[in-house]
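S.K.: Keeping their order, the protein sequence lines are chains A and B. Here the first sequence is numbered in the working numbering, starting from 482 and rising by one per residue. Here the second sequence is numbered in the working numbering, starting from 169 and rising by one per residue. Idealized CB from N, CA, C, for every residue including glycine. Encoded as structure tokens, here's the structure I'll be asking about.
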Amino acid sequence: MRLLLTSATSDMGRSVAGLLASDHDLTLTDLTPHAEGNPDVIACDLDDDEATDHLVDGIDAIVHIGYGGHFAAATDLLDVHTRCTYNLLTAARAAGVPRLINLSTLRLLAGYPPHLTVTENWRPIPEVEPLMLAAHLCEYVCREFGREGGIKIANLRLGFPLIEGGTEAAAASGESAALAEDDLRAAINAALVADLTNGAQSANSPAPASFRTVHVQSPIPDARFLLNGAKSVLGLWEGRGAA
Amino acid sequence: MNILILGGNGMLGPWVVEALGDRHRLRITDIGEPPATTHEWRQIDVSSLDDVVDAAEGMDAIVNLSVLRPDRRVAFDVNTRGNYNMMVAAVTHGIRRVINTGPHFQLAGPGYEDWDFDLNPDMPPQPGTRLYALTKALGQEIDRVFTTRHDIYLQTLLFYHLYDPGDLEHGPGGSGAETLGRDMMVPYSIAWSDAGEAIRCAVELPLERLPSRAETYMVFTDIPHGKFSNAKARRQLGWQPRYHLEQLWNKPGPRV
């Protein structure tokens, strides 16, 4: 599958690129200041222009870093996660790109006490600090595009921290919301092909939901977040994780 | 009350100044040229955090009338990040009262308006992807999130078509758009002066009367279509339209 990965030179972008490189034909892109000096990365500022249109041409799916990309001042963070995401989605929808995966964060729900059975149906409670606010607004933009249709959007809220290795490593980390890199790779690969209407109330509608949020953390005992969506939408980790 | 007005020299600004000017001390700001005014004036760019924070010093309330529609970059700069800058300014200076404005479809987008009736300001926003609607909706969401973390009271007033009641035939805002008898040009309409008066009501409403720290109102004159509801604006703000604009939905000629 030919994938476009945004914020590819960020730490999160490099991790994701490393996880997906063996399975897919990756096109890496980043904003010009970050792409400079990286010959394998296409510089694109995700403006409302032909460069963005060209970037998405022929792409099968986009993996968009909606949180954890480049840390920057509030102005830049909000701009990248609202305007640039809007431009990217507008260009992708016009070009017929069938799917976008937004990599968001479960930190948007970290304000709930850990004893609560938090699922995808719980309202995000972001902080006002720019990093979290930007992630929340990025989801907002994606949701409105998903609501209108024309492109399928899987909004994966990722656990934290990201742990090298597999589920066992995440369990050994002592972090209740940890996400192992192997589990992240499995989730992204599943989200690239999953029927996003699985388990949706509109599943049998002629125009079913084209936006689904899925919580993705490693399926470890006493996990902080329930994995209902990963099981029903992505077909992952049935019988594992928090009950 | 000391009131900072952002976007104060746009189309709605003069009507807000007229409604507030004799009762409060105003600091009018805009990116454009200064208006003819006796109030304090500053030329600022609402997309500049420093500009907005500086302008808010010493103020008791902020009224945000700033808006930019067609250009994508500037629309996000003004309609979205401008709200972030406003809320940071409110936190910085301990300003508890913030009045925001926008079009009704930043809340009731086509997913509502094309289908439903009795649309009201307490519905969850569904702006859709239209640039103007979505950028303003993102701004309102920023404001709302700030009210969950700080002691700030946000009131958002949603308008759409604004008319000179003595010149209805030239369309909303004197745009020249054909209006009379055109159904979708009518349902959300108000006279300029009534819009300014609604903002005055929000500015002067005691904060302890607000049911929450983020309240939204649909503000338009009484129109018998049942599409939208202005009941909350009437009830909570104590606002009443002076102009009913009934020529917009009455057929010409004698009644039978």
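1. Which parts of the stretch 560 to 590 of chain A are runs of the beta strand (DSSP E), unbroken and 3 residues or longer, counting only runs that do not cross its ends?
2. Check the Cβ-Cβ distances between residue 444 of chain A and every residue of chain B, and say whether any is below 9 Å.
3. What in chain B is Cβ-close to residue 618 of chain A, meaning under 8 Å?
4. Quick one: which chain B residues come within Cβ less than 7 Å of residue 564 of chain A?
5. Count the C-beta pairs between the stretch 293 to 302 of chain B and the stretch 269 to 281 of chain B that are closer than 8 Å, then say yes if the count reaches three, no if not.
6. If you count every other CB in all the chains shown that lies within 10 Å of the CB of residue 636 of chain A, and 16 or more means buried, which is it?
7. If contact means a Cβ-Cβ distance below 7 Å, which residues of the stretch 263 to 296 of chain B contact chain A?
8. Do three or more CB pairs link the stretch 377 to 386 of chain B to the stretch 283 to 291 of chain B at distances below 8 Å?
9. Here's the rule: buried if 16 or more other CB atoms are within 10 angstroms of the residue's CB, otherwise exposed. What is residue 607 of chain A?
10. Can you list, in chain order, the residues of its chain whose CB lies under 6 Å from that of residue 485 of chain A, leaving out five sequence neighbours each side?
11. With a CB to CB cut of under 6 Å and the five nearest residues on each side skipped, what residues in its chain are close to residue 315 of chain B?
12. Going by C-alpha to C-alpha distance, which of B/343, B/306, B/173 sits closest to residue 226 of chain B?
13. Which one or two residues does DSSP pair with residue 271 of chain B in a beta bridge?
14. By DSSP, does residue 649 of chain A sit in helix, in strand, or in coil?
15. To the nearest angstrom, report how far apart residue 596 of chain A and residue 645 of chain A are at their CA atoms.
16. Shorter than 9 Å from the beta carbon of residue 578 of chain A to some beta carbon of chain B?
17. Does the beta carbon of residue 256 of chain B sit closer than 9 Å to a beta carbon anywhere in chain A?
18. For residue 407 of chain B, I'd like the list of residues in its chain whose CB is within less than 6 Å of its CB, leaving aside the five on either flank, ordered along the chain.
19. Can you pull the DSSP bridge partners for residue 386 of chain B?
20. Assign residue 209 of chain B to one of three DSSP states: helix, strand, or coil.
21. State the beta-bridge partners of residue 408 of chain B as determined by DSSP.
22. Check the Cβ-Cβ distances between residue 261 of chain B and every residue of chain A, and say whether any is below 9 Å.
23. So, is the C-beta of residue 560 of chain A closer than 9 Å to a C-beta in chain B?
24. If you compare alpha carbons, which of A/495, A/713, A/591, A/670 is closest to residue 546 of chain A?
25. Can you name the residues of chain A whose CB is closer than 8 Å to the CB of residue 317 of chain B?
26. What whole-angstrom Cβ distance do residue 500 of chain A and residue 665 of chain A have, given they're in contact under 8 Å?
27. Indicate whether residue 716 of chain A and residue 671 of chain A have their beta-carbon atoms separated by less than 9 Å.
28. With the cut-off set at 9 Å, would you say residue 692 of chain A and residue 624 of chain A are in Cβ contact?
29. Just to confirm, is the Cβ distance from residue 361 of chain B to residue 328 of chain B under 9 Å?
30. Over the uninterrupted beta strand (DSSP E) stretch that includes residue 606 of chain A, give me the two end residues.
31. Could you check whether the stretch 505 to 525 of chain A touches the stretch 216 to 224 of chain B, counting it as contact only if at least three pairs of C-beta atoms, one from each stretch, sit closer than 8 Å?
M.R.: In terms of the structure at hand:
1. Qualifying beta strand (DSSP E) stretches, in chain order: 580 to 586.
2. Residue 444 of chain A falls outside the range modelled here, since chain A spans only 482 to 724, and no answer is possible.
3. 248, 306, 309, 310
4. 240, 241, 244
5. At 8 Å Cβ cutoff, the stretches touch.
6. buried
7. Result list: 279, 294, 295, 296.
8. yes
9. buried
10. Here the set comprises 508, 540, 543.
11. For residue 315 of chain B, where only same-chain residues beyond five positions count, the Cβ hits under 6 Å are 322, 381, 382.
12. B/173
13. According to DSSP, residue 271 of chain B bridges with B/327.
14. helix
15. 26 Å
16. Judged by the 9 Å Cβ criterion, residue 578 of chain A is not in contact with chain B.
17. Closer than 9 Å: yes.
18. Contacts found: 366, 369, 401.
19. Looking at the DSSP output, residue 386 of chain B sits in a beta bridge with B/326.
20. strand
21. According to DSSP, which records beta bridges pairwise, residue 408 of chain B is partnered with nothing at all.
22. Closer than 9 Å: no.
23. Residue contact check for residue 560 of chain A against chain B: a CB pair falls below 9 Å.
24. Nearest option by C-alpha distance: A/495.
25. 608, 609
26. 6 Å
27. For residue 716 of chain A and residue 671 of chain A, yes; Cβs fall inside 9 Å.
28. yes
29. Judged by beta-carbon spacing, residue 328 of chain B lies beyond the 9 Å limit of residue 361 of chain B, meaning their Cβ atoms are not closer than that value.
30. Boundaries for residue 606 of chain A: no beta strand (DSSP E) harbours it, and the DSSP string shows neither H nor E there.
31. no
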